[in-house]
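Sequences listed follow chains A and B, in order.
When the letters of the first sequence are read in order and numbered with full-length UniProt numbering, they come out as residues 1 to 344.
When the letters of the second sequence are read in order and numbered with full-length UniProt numbering, they come out as residues 1 to 344.
The next block holds one structure in the form of structure tokens; read it before the comments.
Number of protein chains: 2
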Amino acid sequence: MPRASQRPRLVDVAEHAAVSLATASRALAGREGVSTEVADRIRQVARELGYVANPYARTLASGATSTVGLIVHQVDDPYFSEIAAGVIQLASEQGLLVQICQSGRDPDYELQQLRHLIAQRVGIVLISGSGYDDPRMESAARAELAAFQDHGGRAAAIGRHALGVDAVLPDNEAGGHALAQHLMDLGHRRIAVAAGSAGLTTVADRLAGVSSALRERGRSPADLAVVHSDFTRGGGRAAAEQILNDHPETTAIIALNDAMAMGVLSTLRSRRVPVPTRMSVVGFDDVSVAADLAPSLTTIRLPMTEMGRTALTLALKPRTARPRRRPTGHLLVVRDSTGPAPRT
Amino acid sequence: MPRASQRPRLVDVAEHAAVSLATASRALAGREGVSTEVADRIRQVARELGYVANPYARTLASGATSTVGLIVHQVDDPYFSEIAAGVIQLASEQGLLVQICQSGRDPDYELQQLRHLIAQRVGIVLISGSGYDDPRMESAARAELAAFQDHGGRAAAIGRHALGVDAVLPDNEAGGHALAQHLMDLGHRRIAVAAGSAGLTTVADRLAGVSSALRERGRSPADLAVVHSDFTRGGGRAAAEQILNDHPETTAIIALNDAMAMGVLSTLRSRRVPVPTRMSVVGFDDVSVAADLAPSLTTIRLPMTEMGRTALTLALKPRTARPRRRPTGHLLVVRDSTGPAPRT
DNA sequence: AGCGCTTACGTAAGCGCTTACGTACCCTAG
DNA sequence: CTAGGGTACGTAAGCGCTTACGTAAGCGCT
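As structure tokens, then:
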């Protein structure tokens, strides 16, 4: 078979520089044992020839990959695309490539994608999105990741815990707490929650924060109407419909992410419910459009892009005995979608 | 050196099936020259062992990569994230992996990313986003892609022409035309355009459509105020400010993409300019949030996700003598951001 | 002077696959 | 019964790199 590519190879560089393959390799890798003089010559030749190492050969020989696999639920969901942007930014700065996969919010498919990425020999796996309450699924993923890391891979989770790997985690509970407090401060007593799928840990955590805030003020959790749907705009619309129908006394809706909040706002608009005068709405995440909605959305800001970068940073460091947790800051951003509770 | 990975190799499969390496390879690749009986046995063994081919070794040996490189301006821009979603979907169905790069709307950096992807030996390059009017840049990219394709690579462009590769292209001119016509039908006479960077072909094309529509109705292009900024929300805000200040007679703003339209709406809201009663606004692309804005946005719908899929489909087909062009449909979607021109 | 140590480089053995080519076998035709 | 040709499989040569190990030269030391 003829050579597949016409690109210059390491031997070409070595020949031009009149050294051996090994020396050329060492020089370009910046490793010890090459005099600065020779190393400079080799680098010079490589530049002139436009030499770029073949990553396939390199990986095959060394066993060390330089590509990172990123699993998100959906890239066209702003929450995930902002995370992806952060990961890609940092990866690009580090000369790494990012292979991206969509799980479509399906735990089975996600596990399959994870296996696929590992089989493809990526060096780093980043997995984002909420975890699932399904213990079978989580332990399968955990086992897969553990085996992966035992063979020298590195993994980190974004916004997700309990996988036995390093994680960058927002304080979902505190965020939920802050939202509920904000609404209670405004005098709201009948609060409804538009929640994502019941099986998600993120949902459970954010909800727990909301409940605890109510409890602290002596409210009964029974005062809280929780409607489960899914973490999409469509899910938000559905949840809002149900809230309006089943809990007409509601004066404030906590959507557990911004996508749902957008759906909620959309339904309220079409049902001619004025926001915030008749109904306050809050979201969670602060995706970049949140500020441009009408009314602009009160929400909890998470630094998604930074979370992506941090996760990759964690994964680039050597593994520690116990998985690390990097908390992320969060911030209540008050905008125009919340206001005082209407007089009854 | 010890073996890098503990994963089963092809030799393991071959041994367990009591055949040679070559036969095992042939059987798993589904190539000729293996009796069905033996092939079945090999596949069976492979399954039992959980064998997955090492893509690095495979690529090194065969020279044929199975990863596609995708260049976008920014993944957290909904236009691009929807395209990316389409590409990733189809790639995943085909067992391909997607390596994604952000050019950050910088032609130099984009060229660099392109070179990097090619150096990384991806098999397919998809490049999206507008082209640049800079002939030096475009011809450098074109040359790079031509060389890449001559060495067996495949490339396709999304929403971008003149690169000498297959392209899936919306009819930007017709879209611009339709928007202008829609506004004129509503009685608008003083129309302003919030355009992206002047150097982009997409901007030129969409603008040309707008101008031609005006000309057909006997309007002078001088009636059209064109403000250049960039294709982001911030750019839309800036453009809107300038339009309000310098062209107060304007009753309708054509934003040349939805991101800018969102910025325009945001500025109008803060300046208390009612939409559409005092000012109509249209966008271009129909990103998924466009329908959820307040007011919902009149815009031209482009099938971004499908465009991503189509581009990959094109790239998976053998190259033709002349680059193919796949037009995409477009559709004027009338929503609440446009209305009759106010009486003067 | 001779010893060992370090330094700088070369040699060559893989990494796990694909594939050109060689070989054994069986079938059919002459 | 043998030549010719097809089929099924094995052998081995790479793909372009990394790296363990070998070697030769230079150094200081006793």
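The beta-carbon is built from N, C-alpha and C at its ideal position, and this holds for glycine as well.
Remember, it's a predicted structure, so these values are computed and weren't measured experimentally.
C-alpha gap between residue i and residue j, whole angstroms
| i | j | result |
| --- | --- | --- |
| R47 of chain A | H16 of chain A | 12 Å |
| S128 of chain B | R190 of chain A | 48 Å |
| L312 of chain B | V87 of chain B | 6 Å |
| L179 of chain A | G199 of chain B | 45 Å |
| P303 of chain B | E82 of chain B | 9 Å |
| E241 of chain A | V273 of chain A | 12 Å |
| Y132 of chain B | T202 of chain A | 43 Å |
| A269 of chain B | F231 of chain B | The identity of residue 269 of chain B in the sequence shown is Arg, whereas the question assumes Ala. Rounded to the nearest angstrom, the two C-alpha atoms are 19 Å apart. |
| A84 of chain A | Q94 of chain A | 15 Å |
| V227 of chain B | L70 of chain B | 31 Å |
| E144 of chain B | D134 of chain B | 16 Å |
| I158 of chain B | S66 of chain A | 28 Å |
| R325 of chain B | L314 of chain B | 9 Å |
| L49 of chain A | S62 of chain A | 24 Å |
| I243 of chain A | L186 of chain A | 20 Å |
| D166 of chain B | Q102 of chain A | 26 Å |
| G104 of chain B | Q112 of chain B | 12 Å |
| Q99 of chain A | Q89 of chain A | 13 Å |
| G218 of chain A | V68 of chain B | 57 Å |
| Q120 of chain B | N54 of chain A | 7 Å |
| S266 of chain A | A252 of chain A | 15 Å |
For residue i, the three-state DSSP class (helix, strand or coil)
| i | result |
| --- | --- |
| S280 of chain B | strand |
| A27 of chain A | helix |
| L163 of chain A | coil |
| A57 of chain B | helix |
| F148 of chain B | helix |
| S266 of chain A | helix |
| residue 364 of chain A | In this structure chain A extends from 1 to 344, so residue 364 of chain A is not present and cannot be described. |
| A341 of chain A | coil |
| R326 of chain A | strand |
| H247 of chain A | coil |
| T310 of chain A | helix |
| V227 of chain B | strand |
| A238 of chain B | helix |
| S220 of chain A | coil |
| T320 of chain B | coil |
| L297 of chain B | coil |
| V122 of chain A | coil |
| D134 of chain A | coil |
| T333 of chain B | Note that residue 333 of chain B corresponds to Val in the displayed sequence, not to Thr. Strand. |
Outcome for residue i when other beta-carbon atoms lying within 10 angstroms are tallied against a minimum of 16
| i | result |
| --- | --- |
| T277 of chain A | exposed |
| A18 of chain A | exposed |
| D106 of chain B | exposed |
| T36 of chain B | exposed |
| P323 of chain A | buried |
| residue 345 of chain A | The structure shown does not extend to residue 345 of chain A, since chain A spans only 1 to 344, so no value can be given for it. |
| A245 of chain A | Reading the sequence as shown, one finds Asn at residue 245 of chain A and not Ala. Its Cβ having fewer than 16 others within 10 Å, N245 of chain A is exposed. |
| R237 of chain A | buried |
| E110 of chain A | buried |
| V11 of chain B | exposed |
Range of the contiguous beta strand (DSSP E) that encloses residue i
| i | result |
| --- | --- |
| T201 of chain B | It is not in any beta strand (DSSP E) - T201 of chain B instead sits in the alpha helix (DSSP H) that spans T201 to E216. |
| R272 of chain B | Looking at the DSSP string, R272 of chain B is not in any beta strand (DSSP E), and its letter there is neither H nor E. |
| L70 of chain B | T67 to V72 |
| T232 of chain A | No beta strand (DSSP E) holds T232 of chain A; DSSP gives it neither H nor E. |
Cβ-Cβ distance between residue i and residue j below 8 Å
| i | j | result |
| --- | --- | --- |
| L256 of chain B | A174 of chain B | no |
| S280 of chain A | L183 of chain A | yes |
| R41 of chain A | R154 of chain A | no |
| S20 of chain B | A29 of chain B | no |
| residue 375 of chain B | Y56 of chain A | Summary: the structure shown does not reach residue 375 of chain B, with chain B confined to residues 1 through 344, and so no result is reported for it. |
| T299 of chain A | V333 of chain A | yes |
| G196 of chain A | M260 of chain A | yes |
| V289 of chain A | V289 of chain B | yes |
| A192 of chain B | H247 of chain B | yes |
| Q181 of chain A | A213 of chain A | yes |
N-terminal and C-terminal residue of the alpha helix (DSSP H) that residue i is part of
| i | result |
| --- | --- |
| L97 of chain B | It is not in any alpha helix (DSSP H) - L97 of chain B instead sits in the beta strand (DSSP E) that spans L97 to Q102. |
| S81 of chain B | P78 to E93 |
| G176 of chain B | N172 to D185 |
| L10 of chain A | L10 to A17 |
| R41 of chain A | T36 to L49 |
| R115 of chain B | P107 to A119 |
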